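If you read the protein sequences in the order shown, they are chains A, B and C. All residue numbers for the first sequence refer to my numbering, where the first residue is 1 and numbers rise by one. All residue numbers for the second sequence refer to my numbering, where the first residue is 253 and numbers rise by one. All residue numbers for the third sequence refer to my numbering, where the first residue is 566 and numbers rise by one. Note that CB positions come from ideal geometry on N, CA and C, so glycine has one too. Please read all numbers here as calculations on a predicted model, not as lab measurements. Report on the structure given below.
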Amino acid sequence: MNSHCLVVQNVCKNFGGLKAINDMHLSLEPGERRAIIGPNGAGKTTLFHLISGTLAPSSGAIHFLGREVTRLLPYRRAALGLTRTFQITNLFHNLTLLENVLLAVQALDNVKYSMLRPVSSYRHLGRRASELLEEWGLRDKAGIPVRNLSYGDQRQVELIMAVAGNPKLLLLDEPTSGLSPAESATVTEIIQKLDSNMTILFIEHDMDVAFALADRVSVLHFGTLLTEGSVKEIQDDPRVGEIYFGAEQCDA
Amino acid sequence: MRLPAIAAALGLPVVLALLPLALSNYHVDLVTQMMIYAIFAMSLDILLGYTGLPSLGHAASFGISAYTVGLVSLKVTSVFWLVLVAALGASVALSALLGLLAIRSRGVYFLMITLALAQLLWGIAFQWRSLAGGDDGLPGIHRPNLGIPVSFADAVNFYYLVLVFFVLVVGVLSVFVRSPFGIALKGIRESETRMMSLGYNVWFYKYLAFVIAGAVAGVAGMFAAYHIGYVSPADLGILLSAKVMLMVILGGAGTLIGPALGAGIIVFLENVVSGQTERWPFILGAIYVSVVLFAPQGILGTFKSKLRRSADR
Amino acid sequence: MTFWLVQIFNGLSFAMLLFLLAAGLSITYGLMGILNLAHGSYYLLGAYLGLTVIKNTNSFLLAILCAIAAVVVLGIVMQRFFLRRFYKNELAQVLLTFGFLFMIGDASLWMWGGNPQVLPKPSVFEGSYRFGSIVVPSYRVFVIGLGLLVALGLWLFQGKTAVGAVIRAGVDDEEMTRGLGINTPLLFTVVFGVGAALAALAGVIGGPFVGVYPGADIEILLLGLVVVIIGGVGSLKGAFVGSLLIGLLDNFAKALFPEFTLFTMFGAMALVLLLRPAGLFGRK
């Protein structure tokens, strides 16, 4: 148990009569890159909400770095090193890029409750924010309100926000959603370059991206785990093609 | 901070300090009232403009402070510092209590529950004759006694007392909204879910913002009671809560100085127009409608976005 | 025993007034996302217009019809040209409709003066009925009867007709309803108009026993809001149950502990909001 980064055990989530997630099992090693794939409605985003703490499971347990986090609120999981991105861009739209990144940077710092000094007086925050923007090539856009950035840039900011605190587990919810092939390639490259000690769990619809980034793949279907394995194993598994394309055409 | 802002920041207190030399007592009194309501409006801006919590019951914190001033200075002591502690204590305690009840709601439900809680207080004040004077209120509140041989019954002296607090509040709040806590409030306004996932305890931030806003409103309420020497249930009521909300929107929510400006304008208009006609309520109503239809970002809000647009070109 | 029965009776008649007001308020918000504080103005105008018509024609029926007609026109103008733009923007709606409330209230003050007035009852209801040991004014019986009739009518309409089903669907999920190709703008205007009509009706029939005076608009609005919140937004059943609760509570409180009536009312609202944030029959 203690050597795993994340353990999801017997987790179920019901919405009224609907079983969105049924007896889910998942276990991640530190540094692993795991893709979650499955057709629409399979429960991938629900699973993410359960792991990030936005939703509480109806039953089952979730352990992160050996600690039980099943009912812990999202902000406490973040403090433990578990962050996420959102499929629909969820940034602070009316604030500048710099303010967005500052908020991410100060989130796990004790100064975040400071009320009587301007944030600019905390130089370490500004420095870290500038570093991040420099790394991602967005330094010259720091003063622009995020709502005026291109969609591609906004997806990058989604990522910056999630990695600003050097998380141990990063949940990426469809990181290439809505991006052009060129942009997808850029984002894929960026993700590949992330700290190799960081465990990454991601949902992807783009199979090329999923298979390029992942070490292992978990396949969800109707809220439960259909199969799990290495990229090659999944690519060769006829059942995976079936659930996407139906029983007649099996083209994995 | 940019140069024009710095110039304004230093220039304004100087201008305000020199004003009484050029104005009659009536006008000095008017500006005093403008400053008091500017403090009130800025306190609501913390909640509404910065945190995104639309409170329709903010008069509760204002009114409870005003009533405390009335009760303490009429029955216990007229020493300013003790009254100050009591009044601020009351508004902090009240907002701490109400915050626990209100913060769990959002949007229109927050609007409704803050309205309900304030009306509750209003109802108590309205009907409790023995303690609060019922719908007659508490008249005869004397100006504060600071223990110095200066009479604050004098319009100019009282003006300077209020000015000191006004400058203090503007200064502290200007830093506050730029502090880590302050920008976190803006983040909460923009996206609570994002803030939660970043690691912020959103409920706690909203709660603290509510209490702080209540405390500042208490400062305003205290001086309002001293200013007219009278407190009544209207100081807790929906009409006042709606009026201060209008002041914030008129000036520009989320700009801090905008609401202060909005307050000044409304107070000024109210005094001037009421002197000319009985139809001030109609005109005030028309202002509400006009602001929503034509300037929803408020004066400063529209000004800022025009600046930004011309800078982008 | 008699005392309680009389109180219940009075409470019920007041409850019917509240229901007429709250029904429109609740469905309008539930269906269109419009929080219309000017509903209180519709009540006030209905009462004042009714008063003027009765004074000039002695016909209570004509008063009702004219008041309703005028207020419905006003309401539709308000909705089409002003309120429609602010769907789901509660803050703007609050300020906007507050503005209208002030404007209409002050205009009414200017036109009808500041003295409280009472509408004369229709002569056919001037007497009283005897139920066993209790004597009740027949006008109150009329009010209760009319209120129940309207409630029944609304309930049948909502529950048994196609349009009613559409309204219920719209309250549940507006986007979906629009997606089904239903002419939502027309539907909205009609529903809004009906709500305004009910408020005006309440003003006229309330006139004889509640009276009309400057400030009545805000008073009845606040009570209406309490009812809507307690009953749950968008729920006709909630508006009915809520009105009964508040009507009876208000009456009993006034009779038993008059110093605390206001506390009781808003206390009840705050309590419900804390325990059931969406009201007794509301969604979410």
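- For the stretch 627–661 of chain C, the set of residues with a beta-carbon nearer than 8 Å to any beta-carbon of chain B comprises F647, F651, E655, L656, A657, V659, L660 and L661, in chain order.
- For P306(B), a Cβ of chain C is located within less than 8 Å of the residue's own Cβ.
- If you draw a straight line from the Cα of R67(A) to the Cα of S27(A), it is about 14 Å long.
- Cβ atoms of D297(B) and L521(B) stay farther apart than 8 Å, at about 20 Å.
- Excluding five sequence positions before and after A20(A), the CB atoms of its chain that fall closer than 6 Å to its own CB belong to K13, G43, T46 and G223, given in chain order.
- Here Q723(C) carries a helix assignment [DSSP, helix/strand/coil].
- DSSP places L179(A) outside both helix and strand once states are collapsed to three, so it counts as coil.
- In the three-state reduction of the DSSP assignment, T45(A) falls in the helix class, which pools H, G and I.
- Following the DSSP letters along the chain, one finds C5(A) in no alpha helix (DSSP H), marked with neither H nor E.
- Within 8 Å of the CB of P548(B), the CB atoms of chain C belong to A657, in sequence order along the chain.
- What T83(A) touches in chain B, judged by beta-carbon distance under 9 Å, is S449, L450 and G451, going in chain order.
- Look at the beta carbons and you see the stretch 126–139 of chain A touching the stretch 101–115 of chain A: at least three pairs across the two are nearer than 8 Å.
- From the beta-carbon of R531(B), the residues of chain C found nearer than 8 Å are D671 and W675.
- The beta carbon of N680(C) sits closer than 8 Å to those of Y778, all from its chain and outside the five residues before and after it, given in chain order.
- Taken through DSSP and simplified to helix, strand or coil, L55(A) comes out as coil.
- By alpha-carbon distance to V283(B), the top candidate from L353(B), V524(B), L255(B) and Q371(B) is V524(B).
- For the pair of segments examined, the stretch 357–372 of chain B was found to touch the stretch 647–659 of chain C: the number of CB pairs separated by less than 8 Å reaches three.
- G165(A) belongs to the set of residues whose beta carbon lies under 8 Å from a beta carbon in chain B.
- For E99(A), the three-state secondary structure derived from DSSP is helix.
- In this structure, L674(C) lies away from I619(C), with their beta-carbon atoms at least 8 Å apart.
- When the five nearest sequence neighbours on each side are left out, the beta carbons in the same chain lying within less than 6 Å of the beta carbon of L350(B) are those of L369, in order along the chain.
- Taking the beta carbon of F222(A) as reference, no residue of chain B falls within 8 Å; the closest one sits roughly 27 Å away.
- Boundaries of the alpha helix (DSSP H) harbouring N575(C): T567 to M597, taken from the DSSP string.
- Of all alpha-carbon atoms in V759(C), L838(C) and K819(C), the one lying nearest the alpha-carbon of L586(C) is that of V759(C).
- For T445(B), a Cβ of chain A is located within less than 8 Å of the residue's own Cβ.
- Of I669(C), L590(C) and G768(C), the smallest CA-CA separation from L630(C) is found for G768(C).
- By the Cβ rule, the stretch 284–291 of chain B counts as touching the stretch 409–424 of chain B, because three or more pairs are nearer than 8 Å.
- Just so you know, the alpha carbons of I435(B) and V429(B) end up roughly 6 Å apart.
- Here V402(B) is exposed. Its C-beta has fewer than 16 other C-beta atoms within 10 Å.
- With a threshold of 8 Å between beta carbons, K112(A) makes contact with chain B.
- One finds nothing in chain C with a Cβ atom closer than 8 Å to the Cβ of I316(B); even the nearest lies about 15 Å away.
- Within 10 angstroms of the beta-carbon of W569(C) lie fewer than 16 other beta-carbons, which makes it exposed.
- Partner residues in the beta bridge of G229(A), as assigned by DSSP, are V217(A).
- At least 8 Å separates the beta-carbon of G514(B) from that of G506(B).
- By alpha-carbon distance to A274(B), the top candidate from V408(B), A260(B) and K438(B) is V408(B).
- Classified as buried, P432(B) has 16 or more neighbouring CB atoms from the shown chains inside 10 Å of its CB.
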